[in-house]
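The structure appears below as structure tokens.
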Amino acid sequence: MIDLHVHSHYSDGSCSPKELVEYAATHGITAFALTDHDTIAGLDEAIAHARVFCEKCGQTSGINPVEVVPGVELSTEYNGRDVHIIGLFIDYQDIVFQNQIHTFMSAREERNIKMCARFEERGISIPITELKASAPGAVITRAHYAQYLLDRGYVKSHKEAFERYLGDHAPCFVPRDKVSPEQAISLIRATHGIPVLAHPVLYHMSNAELEALVGRLKEAGLMAIEAIYSTYSSSDTRQMQVIAKKYDLLLSGGSDFHGSTKSGLQFGTGYGSLYIHEDILDKLRAARPI
Numbered sequence: 621m622i623d624l625h626v627h628s629h630y631s632d633g634s635c636s637p638k639e640l641v642e643y644a645a646t647h648g649i650t651a652f653a654l655t656d657h658d659t660i661a662g663l664d665e666a667i668a669h670a671r672v673f674c675e676k677c678g679q680t681s682g683i684n685p686v687e688v689v690p691g692v693e694l695s696t697e698y699n700g701r702d703v704h705i706i707g708l709f710i711d712y713q714d715i716v717f718q719n720q721i722h723t724f725m726s727a728r729e730e731r732n733i734k735m736c737a738r739f740e741e742r743g744i745s746i747p748i749t750e751l752k753a754s755a756p757g758a759v760i761t762r763a764h765y766a767q768y769l770l771d772r773g774y775v776k777s778h779k780e781a782f783e784r785y786l787g788d789h790a791p792c793f794v795p796r797d798k799v800s801p802e803q804a805i806s807l808i809r810a811t812h813g814i815p816v817l818a819h820p821v822l823y824h825m826s827n828a829e830l831e832a833l834v835g836r837l838k839e840a841g842l843m844a845i846e847a848i849y850s851t852y853s854s855s856d857t858r859q860m861q862v863i864a865k866k867y868d869l870l871l872s873g874g875s876d877f878h879g880s881t882k883s884g885l886q887f888g889t890g891y892g893s894l895y896i897h898e899d900i901l902d903k904l905r906a907a908r909p910i
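Residue numbers (the numbering used here): 621 to 910.
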């Protein structure tokens, strides 16, 4: 069993990279991609721990070796919509790539300062220093704001936090500057990674709109599409497989696991029926640009 879309506490997940490795090793997940939002901060930790922890495989029953696929999920904008591009097998130590990731993180930092000011205008003090202290080394996302509001009694759930304050059309949300999907694809391919269109069903496009996007991104170097995903229906999966075949794209898939911030969604199995065969990973690995 594999999972090619997983988040840690370095973005908006609740688990550390070490915890993800240990869960995978004891639950039959032989490989997973750590794909935090606009950051690669957790990759060294995950890869190193997989190497050390899985030395126990020959000494302790019930522990399997785990491959950590270096990845990232880049936030882009297309026709006013958020579109996410996952990079798999990225050379995250490439200096040009690291510089660009730093630019993405700086854009988030500027957005967060503006969001804190909007909360202040509404009588809610959220010091950016406290947000950072609550998640050391992490990219601060809206999920961190939601948890802050919940912990201090301003809201009763993450859902309420987004509905009242943090959603795309809510009063405290501030959009940030984003690159285009084509720029994200180019960046990923420059590191010999595989660019994947993440969860296309979630963009709620018509068939014609989605195919226009996929066709455009294929020309820009898109190599795969997330055809298997936790919230897809069987018809959604079939539709993505048809589109993948039409545009000669590889298949990818993942749970989009975030830990406690997405209640009920499990690492590796999604909401219970998710299954991604290792053949998918083998084909992606073999296609990696040289």
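Beta carbons are placed, not taken as given, at the ideal position from N, Cα and C, and that holds for glycine. These numbers were taken from a predicted model, which means no experiment stands behind them.
Please report the residue range of the alpha helix (DSSP H) in which residue i lies.
i       : result
Phe-717 : 715–741
Ala-906 : 898–906
Thr-749 : 748–754
Asp-711 : Here Asp-711 belongs to no alpha helix (DSSP H), and DSSP marks it neither H nor E.
Val-759 : Val-759 -> no alpha helix (DSSP H), and no H or E assigned at all.
Comparing alpha-carbon positions, which option in the options lies nearest residue i?
i       : options                            : result
Asp-658 : Tyr-774, Cys-674, Thr-696          : Thr-696
Ile-863 : Ile-848, Gly-874, Ile-715          : Ile-848
Leu-830 : Leu-817, Leu-769, Ala-840          : Leu-817
Asp-623 : Arg-701, Ile-748, Arg-905, Ile-896 : Ile-896
Ala-753 : Leu-663, Tyr-630, Gly-874, Pro-690 : Tyr-630
Asn-732 : Ala-758, Ile-710, Phe-709, Val-716 : Ala-758
His-819 : Ala-828, Val-834, Tyr-867          : Val-834
Asp-714 : Thr-761, Gly-888, Ala-810          : Ala-810
Arg-738 : Tyr-765, Leu-885, Thr-646          : Tyr-765
Gly-772 : Ile-744, Glu-783, Glu-839          : Inspection of the sequence shows that residue 772 is occupied by Arg rather than by Gly. For Arg-772, the nearest C-alpha among the options comes from Ile-744.
Ala-644 : Asp-632, Cys-674, Ala-661          : Cys-674
Met-843 : Arg-836, Thr-889, Thr-857, Leu-869 : Leu-869
Gly-691 : Gln-767, Val-799, Met-621, Ser-872 : Ser-872
Pro-815 : Ser-853, Thr-889, Lys-838          : Lys-838
Gly-633 : Ala-907, Thr-857, Asp-656          : Asp-656
Thr-851 : Asp-876, Ala-832, Asn-699          : Asp-876
His-734 : Leu-901, Leu-694, Asp-797          : Reading the sequence as shown, one finds Lys at residue 734 and not His. Comparing Cα positions, the closest option is Asp-797.
Ala-832 : Lys-866, Ser-893, Gly-662          : Lys-866
Ala-840 : Pro-801, Glu-693, Gly-662          : Pro-801
Arg-742 : Arg-784, Phe-709, Gln-718, Gln-859 : Arg-784
Leu-904 : Ile-710, Pro-795, Arg-701, Val-794 : Ile-710
Met-621 : Arg-908, Ala-907, Gly-890          : Gly-890
Asn-719 : Arg-701, Cys-736, Ala-755, Ala-661 : Ala-661
Gln-859 : Phe-782, Ala-828, Tyr-712          : Ala-828
Gly-700 : Ser-880, Leu-769, Ser-853, Val-799 : Val-799
Glu-687 : Cys-736, Pro-637, Ser-880, Val-716 : Pro-637
Cys-792 : Cys-736, Val-716, Leu-770, Glu-780 : Cys-736
Gln-861 : Phe-887, Phe-717, Ile-900          : Ile-900
Leu-894 : Tyr-768, Gly-879, Gly-874, Gln-767 : Gly-874
Let me confirm a value: residue i is counted as buried when at least 16 other C-beta atoms fall within 10 Å, else exposed. Which label applies?
i       : result
Lys-882 : buried
His-812 : exposed
Val-689 : buried
Ile-845 : buried
Val-641 : buried
Arg-762 : buried
Asp-664 : exposed
Arg-728 : buried
Tyr-698 : buried
Ile-910 : exposed
Val-672 : exposed
Val-794 : exposed
Val-626 : buried
Gly-892 : exposed
By the DSSP assignment, the beta strand (DSSP E) with residue i in it spans what residues?
i       : result
Leu-708 : 701–708
Leu-570 : In the structure as shown, the chain begins at 621 and stops at 910. Residue 570 is therefore absent and cannot be evaluated.
His-625 : 622–626
Leu-654 : 651–654
If you measure from the CB of residue i, is any heavy atom of the ligand FMN nearer than 8 Å?
i       : result
Asp-876 : Looking at this structure, you won't find the ligand FMN or any other ligand, since it has none at all.
Can we say the region 813–831 touches the region 719–727, given the rule of at least three CB pairs closer than 8 Å? No contact exists between the region 813–831 and the region 719–727.
Please list the segments of the alpha helix (DSSP H) lying wholly inside the region 815–888, counting only runs of 4 or more residues, in order along the chain. Taken in chain order, the whole alpha helix (DSSP H) runs of length 4 or more contained in the region 815–888 are 827–840, 854–866.
Counting only runs of 4+ residues fully inside the region 776–800, write out the alpha helix (DSSP H) ranges in chain order. Listed in chain order, the alpha helix (DSSP H) runs fully inside the region 776–800 are 778–781, counting runs of at least 4 residues.
Three or more beta-carbon pairs under 8 Å between the region 777–791 and the region 681–691, yes or no? Inter-segment contact for the region 777–791 and the region 681–691 is absent: fewer than three beta-carbon pairs are separated by less than 8 Å.
Specify whether the region 699–714 and the region 801–808 touch according to this definition: at least 3 beta carbon pairs, one from each stretch, less than 8 Å apart. Three or more Cβ pairs drawn from the region 699–714 and the region 801–808 lie within less than 8 Å of each other, which places the two stretches in contact.
Return the chain-ordered ranges of every alpha helix (DSSP H) run that is complete within the region 657–695 and spans a minimum of 4 residues. Runs of the alpha helix (DSSP H) spanning 4 or more residues and lying entirely within the region 657–695 occur at 663–673, in chain order.
For the region 767–779 against the region 661–671, do three or more pairs of beta-carbon atoms, one drawn from each stretch, fall closer than 8 Å, so that the two count as touching? Contact fails: fewer than three Cβ-Cβ distances are below 8 Å.
Determine, using beta-carbon pairs with one atom in the region 736–754 and one in the region 640–654, whether at least three such pairs fall under 8 Å. As far as the Cβ criterion goes, the region 736–754 does not touch the region 640–654, which means the pair count is below three.
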